[in-house]
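Following: one structure in structure tokens, then a few remarks.
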Amino acid sequence: MPPDQVMKALLANTLELASLSEKDKGALVRLLSDPDPEVFQAIRQTLVNCGIEARPWLKAGLNSGDRLVRKHSWELLTQLERCVADREFVAFCNRGGEQLNLEKGLWLLVRTAFPGFDQGAYQAQLDGYAEQVREVCDPTQSKPAALMAINRVLYRKERFRGDKASYYDPQSSYLNRVIDRRLGNPISLCLVYLFVARRLGLPVTGVGMPGHFILRLQSPAFTIYIDAFNGGNFLTHSDC
1 MPPDQVMKAL LANTLELASL SEKDKGALVR LLSDPDPEVF QAIRQTLVNC GIEARPWLKA
61 GLNSGDRLVR KHSWELLTQL ERCVADREFV AFCNRGGEQL NLEKGLWLLV RTAFPGFDQG
121 AYQAQLDGYA EQVREVCDPT QSKPAALMAI NRVLYRKERF RGDKASYYDP QSSYLNRVID
181 RRLGNPISLC LVYLFVARRL GLPVTGVGMP GHFILRLQSP AFTIYIDAFN GGNFLTHSDC
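For the sequence shown, the UniProt record's numbering begins at 1 and goes up steadily by one.
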């Protein structure tokens, strides 16, 4: 079906998507460059309604020689990916329970805002931080020594720090951006610390405080509180 016939069928609400050939789908995407606002909106809505089925068509549009087709294909592809990410995140949250994989949930949250981010690359960075700790100490031999090694890696070498200038910056709520910028709020920095500690087998947990969030490592012999927002400072129970 030529592009002009696709357009006419769309405007007349007679286009049957199931009957479209691969060539027709390409014609549909090419119409994203149509200067007529009515045509563009009709095409856009049709592609949105197709959902994930339209993903390969739009990916092909990214290679178009037409700048507008590339631009609109990217915008629609991003919108579709975000819709999928939103559904996956909500489904994850609805499963509830204490056995949810916290790190998985955080990556799903990131994908709702950054659908194209490379999750594997960020997980590899967390793996790398843990490996740097193992290079200087054995976490199974001394938990306090392992915490001090985490502090050296995260705060001295990698330069993570609390964002006191823009405390409520939304960027600090997304783990990928916290790792990119080495800046975060109390919760997000605690999460970075927690995920590194878990990779080392350390029993670290989060502790909600009035207006703050810290971590705790507890054993039969001692309890250490960690302020990840303030350079990983160790705190006693009375400090809290």
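Backbone N, C-alpha and C define an ideal beta-carbon position, used for all residues, glycine too.
For clarity, every value in this text was computed on a predicted model and none was experimentally measured.
| Query | Result |
| --- | --- |
| Can you tell me whether DSSP reads Leu106 as helix, strand or coil? | helix |
| Under 9 Å between the Cβ atoms of residue 265 and Arg159? | Look at the range of the chain in this structure, 1 to 240, and you will see that residue 265 is not part of it. |
| Helix or strand or just coil, what does DSSP make of His72? | helix |
| Distance, Cα to Cα, Asp36 vs Asp24? | 20 Å |
| Based on Cα-Cα distance, which residue from Val48, Ala124, Ser172, Leu217 lies nearest to Leu194? | Leu217 |
| Under a three-way DSSP split, which group does Arg216 fall into? | strand |
| What would DSSP say about Asp36, mapped onto helix, strand or coil? | coil |
| Whole angstroms are fine: how far does the CA of Leu215 sit from the CA of Asp227? | 7 Å |
| Spatial neighbours of Ala12 within its chain, please: CB distance less than 8 Å, with the 5 preceding and 5 following residues excluded, ordered by chain position. | Reliability of the predicted coordinates at Ala12 is poor, the pLDDT of 43 falling under 50, and the value obtained from them is presented with this limitation in mind. Contacts found: none. |
| Give the secondary structure of Leu200 by DSSP, where H, G and I count as helix, E and B as strand, and everything else as coil. | coil |
| What number of angstroms, rounded off, separates the C-alpha of Val90 from the C-alpha of Arg70? | 30 Å |
| Beta-carbon separation of Tyr122 and Arg199 under 9 Å? | no |
| Can you have a look at Asn49 and say buried or exposed, based on whether 16 or more other CB atoms are within 10 angstroms of its CB? | exposed |
| Taking its Cβ as the centre, do 16 or more other Cβ atoms sit within 10 Å of Gly232, making it buried, or is it exposed? | buried |
| Check Leu11 in the structure and name its three-state DSSP category. | In this prediction, Leu11 has a pLDDT of 45, which is less than 50 and means its spatial position is unreliable; what the coordinates show is noted afterwards. Leu11: helix per DSSP, three-state reduction. |
| Near His237, which residues of its chain fall below 8 Å by C-beta distance, leaving aside the five closest residues on each side in sequence? | Thr223, Tyr225 |
| With DSSP run on the structure shown, which of helix, strand or coil describes Arg161? | strand |
| Using a 10 Å radius around the Cβ and a threshold of 16 neighbouring Cβ atoms, would you call Tyr155 buried or exposed? | buried |
| Could you tell me the distance, in whole angstroms, from the CA atom of Asn84 to the CA atom of Trp74? | The question names Asn, but residue 84 is Val in the sequence shown. Answer to the nearest angstrom: the Cα atoms are 15 Å apart. |
| Along the alpha helix (DSSP H) that carries Ile179, what are the first and last residues, could you check? | 175-181 |
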